[in-house]
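-2 is the number of the first residue of the sequence shown in this note's numbering; add one for each residue after it.
C-beta: ideal position from N, C-alpha, C; glycine also.
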Amino acid sequence: MRLDGNGGTLFGATVVGRILAIALFLLVVGAGWHMSGRSERNSVQRVNEMRETLEVVEPVDVGELKKVAKFDEGRFAKELADDVAAFGLEPVDVAAISAPQAHHMEVAEPVILRTNGEWSSPRVSVTATVEKVNYQQHGAIVSAPHRVVTLVNKTKGPIAYKLVVGAPGKEKCKVRGSRVHNAMALRPGETAEVVVCAGRGRVVIRKLQLLEINELGYHYISQLPPSAVGYDTVTAHAHRPRVRVTECTKTDPTKILRMLGTGSLQWVDVVDFYSRHNCHRMDVFDDYRHSAEARARMPAMPPGSEGA
């Protein structure tokens, strides 16, 4: 065994040196691991803080934004101007489309007319005639006498109207043809030839009401499917506006008829709404009411909506 100058062994010094080196290495590795772990923990903490911050922000409801935009007054005015231009009409501002529209119940109790008989008011007239009308039977076109009533707008402005006619008594009109006409509105001097029933005989006017509207309203209401106000399929198919408009195919007649059936809406409420709003963009709601006063706000908004 080799001895050093102090009487110790070289082997012992070597072992001690190695132990110290290993201890120093472990200390360095441990410090690095601790620093690395702390960095990782700090990163995790920052991510969690960011997640908490992001969770505070409410997600954007696109549907709600569209709903709010639909009722925006500035947007309504812009779309109004676009519609006027598309229909080729004179400029109309929001004040004009908000103006009062008079409602008239022309016939509330049944009025019976004989052939060539006439009923008249200061605003409209109804004449009953018998004329040959074509209709389809068993796949063939047949021409036969029909009772026809002709409605004439005698006012100086357009009107929306609802005419309910039929055969008097218990007679059922099981077969009838049709003649094309605007089943929703008439301009001054315009007529609507409404086919009542096949055969000869009297007719009964069960109800007739109208709403005075403007020229833009005439175009708007002419777009509405007649089935939305209770007309049958024969009248709906005969509906041919004399102006170039596109029927509102997205409008749900069943929904409107349900509101009419429950009494939450009346005919005048429906046509007042759709003579002021384009049915390609907006739908009537069951709290809407016609008023003899000017509309306070356009577009109309359901109760509870922001800004209503």
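Go ahead and pull the three-state DSSP assignment for residue i.
| i | result |
| --- | --- |
| G285 | Note on identity: in this sequence residue 285 is Tyr, with Gly being the wrong assignment. Y285: coil per DSSP, three-state reduction. |
| M(-2) | Because M(-2) sits at a pLDDT of 44, beneath the cut-off of 50, its placement in the model cannot be relied upon, and the following sentence gives the value as read from the coordinates. Of the three classes helix, strand and coil, the one that applies to M(-2) here is coil, per DSSP. |
| K159 | strand |
| V265 | helix |
| V89 | coil |
| V240 | coil |
| P296 | coil |
| S33 | Because S33 sits at a pLDDT of 49, beneath the cut-off of 50, its placement in the model cannot be relied upon, and the following sentence gives the value as read from the coordinates. Helix, per DSSP. |
Since residue i contacts residue j with CB under 8 Å, what's their CB separation in whole angstroms?
| i | j | result |
| --- | --- | --- |
| E190 | V145 | 6 Å |
| N211 | G154 | 7 Å |
| K169 | V104 | Contact doesn't hold; Cβ gap of about 21 Å is too wide. |
| A182 | S219 | 5 Å |
| I138 | L208 | So it is not a contact: roughly 36 Å between Cβ atoms. |
| V81 | L213 | 6 Å |
| I202 | V172 | Contact doesn't hold; Cβ gap of about 21 Å is too wide. |
| V149 | A141 | Not quite, the Cβ-Cβ distance comes to about 25 Å (not below 8 Å), so this is no contact. |
| R273 | M298 | With a Cβ gap of about 13 Å, R273 and M298 do not count as contacting. |
| A225 | T248 | 6 Å |
| P185 | T152 | 6 Å |
| P88 | E290 | Actually they do not touch by this definition, with Cβ atoms about 24 Å apart. |
| A235 | S175 | 4 Å |
| A180 | P250 | Not a contact, Cβ separation roughly 13 Å. |
| H143 | A195 | 5 Å |
| V281 | R237 | Actually they do not touch by this definition, with Cβ atoms about 23 Å apart. |
| H277 | F84 | Contact flag wrong, Cβ pair sits at about 12 Å. |
| R120 | H101 | 6 Å |
| L110 | R199 | 6 Å |
| R292 | S118 | Not quite, the Cβ-Cβ distance comes to about 27 Å (not below 8 Å), so this is no contact. |
| Q206 | V267 | Actually they do not touch by this definition, with Cβ atoms about 12 Å apart. |
| M256 | D283 | 5 Å |
Mind checking which residues open and close the beta strand (DSSP E) that includes residue i?
| i | result |
| --- | --- |
| V108 | V108 to L110 |
| S117 | E115 to S117 |
Quick one: what's residue i bridged to in DSSP?
| i | result |
| --- | --- |
| Q133 | I138 |
| T126 | V145 |
| Y271 | DSSP output for Y271 lists no bridge partner at all. |
| H101 | L207 |
| S95 | Beta-bridge pairing links S95 to no other residue. |
By the DSSP assignment, the alpha helix (DSSP H) with residue i in it spans what residues?
| i | result |
| --- | --- |
| E76 | E70 to F84 |
| K252 | P250 to T259 |
Check the Cβ-Cβ distances between residue i and every residue of chain B, and say whether any is below 8 Å.
| i | result |
| --- | --- |
| V162 | Judged by its chain identifiers, the structure shown contains no chain B, having just a single protein chain. |
Margin query: To test your reading of the DSSP string, which unbroken alpha helix (DSSP H) runs of 4 or more residues are found completely within the region 171 to 238?
Written below: 212 to 219 and 230 to 235
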